[in-house]
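**Student:** Pasting a structure here, questions to come.
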Amino acid sequence: MKKLVVLTGSGVSSESGLKTFRDSGGLWEDYDVMEVASYAGWTKNRDLVLRFYNERRAQLKETMPNEAHTGLVDLEKKFDVSIITQNVDNLHEKAGSRNVLHLHGILTRARSTGDPSLVYDIGYNPIRPGDTCEKGFQLRPDIVWFGEAVPAIEEAASITSHADIFVVIGTSMVVYPAAGLIEYVPKHAPIYLIDPNEVTVPVYRHIHFIREKAGKGVDVLKEILIKESSS
Ligand code: APR
Numbered sequence: 004m005k006k007l008v009v010l011t012g013s014g015v016s017s018e019s020g021l022k023t024f025r026d027s028g029g030l031w032e033d034y035d036v037m038e039v040a041s042y043a044g045w046t047k048n049r050d051l052v053l054r055f056y057n058e059r060r061a062q063l064k065e066t067m068p069n070e071a072h073t074g075l076v077d078l079e080k081k082f083d084v085s086i087i088t089q090n091v092d093n094l095h096e097k098a099g100s101r102n103v104l105h106l107h108g109i110l111t112r113a114r115s116t117g118d119p120s121l122v123y124d125i126g127y128n129p130i131r132p133g134d135t136c137e138k139g140f141q142l143r144p145d146i147v148w149f150g151e152a153v154p155a156i157e158e159a160a161s162i163t164s165h166a167d168i169f170v171v172i173g174t175s176m177v178v179y180p181a182a183g184l185i186e187y188v189p190k191h192a193p194i195y196l197i198d199p200n201e202v203t204v205p206v207y208r209h210i211h212f213i214r215e216k217a218g219k220g221v222d223v224l225k226e227i228l229i230k231e232s233s234s
């Protein structure tokens, strides 16, 4: 089976009703990113940060995967699919994808502020000021904030370096190190990009641009890949 590696961003969840970050109407229009998604923001106003992620988590409980997520699950019948996502939602897992790596963490886990090895599944429950780990340290969302290291990036680079086909869906490709993963795609592997808007890809390579929203775009991709694998 060929290895299909998919890098997803917030655009893949847009048709499920979750906001992207940088589009018009995106989350970073309503919130100051450094206030809610940085360690400095956390030390300045912990309650605001907790509220921001508690709201996202509560919304996620009511949110269902869309055709893009389920289309990627279908592709597992023909390909060895690995998903690398920048998203903190769990919609790939809800859809049934088997191999999902979260680069920026996930909303349904909390982490100790005093011992990062202490991570807890919290489902869709809120984290409140005063909620602590077993060592007594305040819990925070298990999310990678701006300025923090991305522990999963080495594994993501290794997965990418084994791709036979690489697909990018719904990311503006401006946030590093995630955007830099494309440099690890082997020369023989074609790169497909699904996005309704223009995206500047930070690599000097031919890109097969499928200019569609994620749901339709994954359908188009499936047709192309199935036609190519049978020719
Ligand atoms: N289908 C596919 N793509 C879409 C759709 C859609 N229905 N709607 C919007 N998009 C595209 C936009 O055109 C844009 O290219 O999704 C992309 C969203 O880009 P950003 O808002 O920058 O989100 P993303 O790339 O996921 O952000 C990366 O930045 O703030 C941080 O940690 C956060 O993981 C996030 C990272």
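Note that this note's numbering gives residue 233 to position 230 of the sequence shown, counting from 1, and the numbers run on in steps of one. Note that CB positions come from ideal geometry on N, CA and C, so glycine has one too. Here the structure is a predicted model, which means the values were calculated and not measured.
Among the residues of its own chain, which have a CB less than 7 Å from the CB of residue 36, if the five just before and after it don't count?
**Tutor:** The residue you call residue 36 lines up with position 33 of the sequence shown. Excluding positions up to five away in sequence, the list reads 149.
**Student:** Identify whether residue 121 lies in helix, strand or coil by the three-state DSSP scheme.
**Tutor:** Counted from its first residue, the sequence shown places residue 121 at position 118. Of the three classes helix, strand and coil, the one that applies to residue 121 here is coil, per DSSP.
**Student:** Which residue from 159, 112, 57 and 27 puts its Cα closest to that of residue 106?
**Tutor:** If you number the sequence shown from 1, residue 106 lands on position 103. That would be 159, whose Cα lies nearest to the Cα of residue 106.
**Student:** Can you tell me where the beta strand (DSSP E) with residue 195 in it begins and where it stops?
**Tutor:** By 1-based counting over the sequence shown, the position of residue 195 is 192. Looking at the DSSP string, the run of the beta strand (DSSP E) that includes residue 195 is 194-197.
**Student:** Is it true that the CB of residue 18 sits closer than 8 Å to the CB of residue 216?
**Tutor:** The sequence position of residue 216 within the sequence shown is 213, counting from 1. The sequence position of residue 18 within the sequence shown is 15, counting from 1. Yes; because the gap between Cβ atoms is below 8 Å, this pair is in contact.
**Student:** Name the DSSP beta bridge partners of residue 227, please?
**Tutor:** As a working note, residue 227 is residue 224 in the sequence shown. For residue 227, which the question treats as bridged, DSSP gives no partner whatsoever.
**Student:** Can you confirm whether the stretch 95-115 touches the stretch 22-29 when touching is taken to mean that 3 or more C-beta pairs between the two stretches lie within less than 8 Å?
**Tutor:** The answer is no - the stretch 95-115 does not touch the stretch 22-29, with fewer than three Cβ pairs under 8 Å.
**Student:** Suppose contacts are defined by Cβ-Cβ distances below 8 Å. Is residue 210 in contact with residue 224 by that definition?
**Tutor:** As a working note, residue 210 is residue 207 in the sequence shown. As a working note, residue 224 is residue 221 in the sequence shown. No, the pair does not count as a contact, with Cβ atoms beyond the cut-off.
**Student:** Identify which residue in 231, 57, 14 and 12 has its Cα closest to the Cα of residue 142.
**Tutor:** The residue labelled residue 142 in the question sits at position 139 within the sequence shown. For the residues 231, 57, 14 and 12, the minimum Cα distance to residue 142 belongs to 57.
**Student:** State the CB to CB distance for the pair residue 125 and residue 111, rounded to an integer number of angstroms; the pair is presumed to be in contact (CB under 8 Å).
**Tutor:** In the sequence shown, counting from the first residue as 1, residue 125 sits at position 122. In the sequence shown, counting from the first residue as 1, residue 111 sits at position 108. Yes, residue 125 and residue 111 are in contact; Cβ-Cβ is about 6 Å, under 8 Å.
**Student:** Taking residue 55 and residue 39 to be in contact with their CB atoms under 8 Å, please state how far apart those CB atoms are, rounded to whole angstroms.
**Tutor:** The sequence position of residue 55 within the sequence shown is 52, counting from 1. The sequence position of residue 39 within the sequence shown is 36, counting from 1. Contact holds; Cβ gap of about 4 Å.
**Student:** Ligand 1 heavy atoms versus the CB of residue 2: any closer than 7 Å?
**Tutor:** As displayed, the chain neither begins before 4 nor continues past 234, which places residue 2 out of reach and without an answer.
**Student:** Mind checking whether the beta-carbon of residue 24 lies closer than 7 Å to any heavy atom of ligand 1?
**Tutor:** Here residue 24 refers to the residue found at position 21 when the sequence shown is read from its first residue. Flag set: Cβ of residue 24 near ligand 1.
**Student:** Say the cut is 7 Å; is the CB of residue 66 nearer than that to a heavy atom of ligand 1?
**Tutor:** Here residue 66 refers to the residue found at position 63 of the sequence shown. Checking the Cβ of residue 66 against ligand 1 gives no.
**Student:** Tell me the residue span of the alpha helix (DSSP H) that contains residue 46.
**Tutor:** Translated into the one-based positions of the sequence shown, residue 46 becomes position 43. First-last of the alpha helix (DSSP H) with residue 46: 42-47.
**Student:** Which word fits residue 113, buried or exposed, when buried means at least 16 other C-beta atoms lie within 10 angstroms of its C-beta?
**Tutor:** For the purposes of this step, residue 113 is taken as the residue at position 110 of the sequence shown. Buried is the call here.
**Student:** Check for me: the alpha helix (DSSP H) holding residue 163 runs from which residue to which?
**Tutor:** Looking up residue 163 in the sequence shown gives position 160. Element bounds for residue 163: 156-164.
**Student:** Who are residue 83's beta bridge partners in DSSP?
**Tutor:** By one-based count along the sequence shown, residue 83 stands at place 80. Note: residue 83 sits in a beta bridge opposite 6.
**Student:** Is residue 211 helix, strand or coil when you go by DSSP?
**Tutor:** Counting from one through the sequence shown, the residue named residue 211 turns up at place 208. Residue 211: strand per DSSP, three-state reduction.
**Student:** Since residue 176 and residue 153 are thought to touch, with beta carbons under 8 Å apart, how far apart are those beta carbons, to the nearest angstrom?
**Tutor:** The residue given as residue 176 occupies position 173 in the sequence shown. The residue given as residue 153 occupies position 150 in the sequence shown. That belief does not hold up - the Cβ atoms of residue 176 and residue 153 are roughly 15 Å apart, past 8 Å.
**Student:** Check the DSSP bridge columns for residue 115 and list the partner residues they point to.
**Tutor:** Against the sequence shown, residue 115 aligns to sequence position 112. Note: residue 115 sits in a beta bridge opposite 142.
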